[in-house]
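> Starting off with a structure, shown below.
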Amino acid sequence: MKNTFTKQEKIKFKHIDYAGIVFYPRFLEMLNDLVEDWFEEALDRPFSKMHETNGIPTVDLKIQFKNPARLGEVLTKKLWVKDIGFASVLCGFQFVNEKEVTVLEGEVTLVNVKIAEDREKIKADGFSEEMKEKISKYKL
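Written as structure tokens, this is what we have:
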């Protein structure tokens with residue numbers, strides 16, 4: 488798909504359960520890694536810098552597990568933008584195996600937040616025009 492951020496990840500022993508397939512919480516970690524890589528590599532906003540004053544928490548997540556993923560397989564993880572709001576971005580995602588079979592897919596809503604100095608309060612903080620422009624490059 489055009490306008491997608493794409494990364495590959497090999498399924499390792501740490502990802503699987505007793506049945507030999509990826510344990511579902513590991514998929515959520517892989518998705519978070521994809522989001523973190525997207526912000527660092529494509530949007531030039533690494534979490535290491537952003538989290539000094541801001542954050543980008545997940546506020547809604549819809550996921551469908553379509554097929555199992557097994558030890559040794561390489562997944563291609565894809566992320567794209569469906570909608571951009573004042574402080575939120577709705578992204579679609581899909582993980583496919585080497586045979587182009589969909590393993591999982593869904594949507595994730597992320598919200599840009601400002602973190603108070605005392606780290607006690609957070610509130611939505613609108614994206615800058617520059618950030619909206621960068622994010623928009625991934626809109627389908």
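Number 596 in this note's numbering belongs to position 109 of the sequence shown; there are no gaps in the numbering.
All residues carry an ideal CB built from backbone N, CA and C; glycine is no exception.
#1: Please report the distance separating the alpha-carbon of residue 558 from that of residue 604.
#2: Leaving aside the five residues before and after residue 591 along the sequence, list all residues of the same chain whose C-beta is less than 7 Å from its C-beta, in chain order.
#3: Quick one: Cα of residue 504 to Cα of residue 578, how far?
#4: So, helix, strand or coil for residue 547, using DSSP?
#5: What residues are listed by DSSP as bridge partners for residue 557?
#6: What is the DSSP secondary structure of residue 615, reduced to helix, strand or coil?
#7: Residue 566 to residue 530, Cα distance in whole Å?
#8: My understanding is that residue 602 touches residue 545, with C-beta atoms under 8 Å, so please give their C-beta distance in whole angstroms.
#9: Taking just the CA atoms, how far does residue 568 sit from residue 562?
#10: Tell me where the beta strand (DSSP E) around residue 653 begins and ends.
#11: Can you give me the Cβ contacts of residue 560 inside the same chain, cut-off strictly under 6 Å, excluding the 5 residues immediately before and after it?
#12: Applying the criterion that 16 or more other CB atoms from any shown protein chain within 10 Å of the CB defines a buried residue, is residue 548 buried or exposed?
Looking at the atomic coordinates:
#1: One-based indexing of the sequence shown puts residue 558 at position 71. One-based indexing of the sequence shown puts residue 604 at position 117. For residue 558 and residue 604, the distance between alpha carbons rounds to 43 Å.
#2: Taking the first residue of the sequence shown as position 1, residue 591 is located at position 104. Excluding sequence neighbours, residue 591 sits near 514, 550, 551, 552, 553 and 582.
#3: Taking the sequence shown and counting its residues from 1, the one referred to as residue 504 is at position 17. Taking the sequence shown and counting its residues from 1, the one referred to as residue 578 is at position 91. If you take the alpha carbons of residue 504 and residue 578, they lie about 28 Å apart.
#4: Along the sequence shown, one-based indexing puts residue 547 at 60. DSSP, read as helix, strand or coil, puts residue 547 in strand.
#5: Reading the sequence shown from its first residue, position 70 is the one you call residue 557. Residue 557 pairs with 508.
#6: The count along the sequence shown starts at 1 and reaches residue 615 at position 128. The answer is coil: DSSP assigns residue 615 none of H, G, I, E or B.
#7: If you number the sequence shown from 1, residue 566 lands on position 79. If you number the sequence shown from 1, residue 530 lands on position 43. Their backbone Cα atoms lie some 13 Å apart in a straight line.
#8: Residue mapping note: residue 602 aligns to position 115 of the sequence shown, counting from 1. Residue mapping note: residue 545 aligns to position 58 of the sequence shown, counting from 1. 16 Å between Cβ atoms; not a contact.
#9: Here residue 562 refers to the residue found at position 75 of the sequence shown. Here residue 568 refers to the residue found at position 81 of the sequence shown. Going by the C-alpha atoms only, they are around 20 Å apart.
#10: Here the chain covers residues 488 to 627 and nothing more, so residue 653 does not appear.
#11: Taking the sequence shown and counting its residues from 1, the one referred to as residue 560 is at position 73. Hits under 6 Å: 498 and 584.
#12: As a position in the sequence shown, residue 548 is number 61, starting the count at 1. By the 10 Å Cβ count, residue 548 comes out exposed.
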